[in-house]
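Read the structure below first, then the notes.
Residue numbers (our numbering): 24 to 219.
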């Protein structure tokens with residue numbers, strides 16, 4: 024569930040806060056692998072420049088907060104980066120009233136691999152980027168890195184799509200979860216959301 028950050032956009036610290044308020048209604052929280060997260064009715068997202076370290080201390084009253092940072096692309100070749108950038112739509116499209124937040128933690132075995140070994144599993148064996156390209160531009164996504172922040176997950180992937188693309192989104196996540204890369208996942212929660 025790779026994401027591409029714009030080269031011209033500075034890195035952002037993004038907080039996903041579950042609680043009693045927020046523009047997104049949480050429809051369901053499903054543990055895929057490992058422990059779930061507590062249910063809350065709403066989700067708020069906040070974005071601050073990565074240099075604002077005070078944002079790390081914010082909490083969501085009555086719920087949970089997951090944080091991640093946008094970053095440069097990783098594990099992608101130049102041609103893949105160009106293809107993603109050419110097709111990827113931005114977040115916040117008016118018709119994209121469905122969303123998914125999928126936090127993932129990978130095993131120590133994954134992190135003990137060298138970067139080229141992780142790339143080989145991610146793309147040469149699992150075809151992660153190739154699969155994702157097949158669902159653009161209908162499904163917009165952004166990847167957030169959390170491991171370096173000491174968070175409980177390594178990655179937070181945010182997806183947005185229109186209701187008519189819900190089946191395509193289900194197919195996308197099913198295909199990725201069947202890949203060799205997912206044998207290295209030891210915690211994953213699937214959070215589905217909607218807005219009017």
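Ideal Cβ positions, reconstructed from N, Cα and C, are used throughout, including at glycine. As the structure is a computational prediction, the values presented were derived from the model and not from experiment.
Checklist entry - Got a sec, what are the start and stop residues for the beta strand (DSSP E) residue 52 sits in? => result Translated into the one-based positions of the chain shown, residue 52 becomes position 29. Segment 47 to 56, the beta strand (DSSP E) holding residue 52.
Checklist entry - Going by Cα to Cα distance, which pick from 181, 145, 158 is closest to residue 220? => result Lying outside 24 to 219, the shown extent of the chain, residue 220 is not represented and no answer is given.
Item to check | Beta-carbon proximity list for residue 198, same chain, < 8 Å, skipping 5 on both sides | outcome: Looking up residue 198 in the chain shown gives position 175. Cβ within range, chain order: 154.
Checklist entry - Within the chosen definition, does the stretch 189 to 198 reach the stretch 31 to 49 through at least 3 CB pairs nearer than 8 Å? => result no
Item to check | Segments assigned alpha helix (DSSP H), at least 4 residues, entirely inside the stretch 86 to 124 | outcome: Secondary structure in the stretch 86 to 124: the alpha helix (DSSP H) runs of 4 residues or longer, each lying completely within the stretch, are 101 to 110 in chain order.
Next on the checklist: So, for residue 204: in the same chain, excluding its five sequence neighbours on each side, which residues have a beta-carbon less than 7 Å away from its beta-carbon?
Outcome noted: Residue 204 sits at position 181 when you count from the first residue of the chain shown. Cβ within range, chain order: 144, 145, 149, 151.
Checklist entry - Considering residue 214, what are the terminal residues of the beta strand (DSSP E) in which it resides? => result On the chain shown, residue 214 is found 191 positions in, with the first residue counted as 1. Here the beta strand (DSSP E) through residue 214 covers 208 to 217.
Checklist entry - Would residue 130 be called buried (16 or more neighbouring beta carbons within 10 Å of its own) or exposed? => result As a first step, residue 130 is located in the chain shown; it is residue number 107 there, counting from the start. The residue is exposed, with fewer than 16 neighbouring Cβ atoms inside 10 Å.
Checklist entry - Does the beta-carbon distance from residue 120 to residue 44 come in below 8 Å? => result Reading the chain shown from its first residue, position 97 is the one you call residue 120. Reading the chain shown from its first residue, position 21 is the one you call residue 44. No; because the gap between Cβ atoms is not below 8 Å, this pair is not in contact.
Checklist entry - Is DSSP giving residue 174 helix, strand or coil here? => result Taking the chain shown and counting its residues from 1, the one referred to as residue 174 is at position 151. Three-state DSSP puts residue 174 in coil, outside helix and strand.
Item to check | Beta-carbon contacts of residue 70 that lie in its chain and below 6 Å, excluding the five residues immediately before and after | outcome: As a working mapping, residue 70 is identified with position 47 in the chain shown. 35, 37.
Checklist entry - Based on the DSSP output, what are the partners of residue 158 in its beta bridges? => result In the chain shown, the residue the question calls residue 158 occupies position 135. Bridge partners of residue 158: none, in fact.
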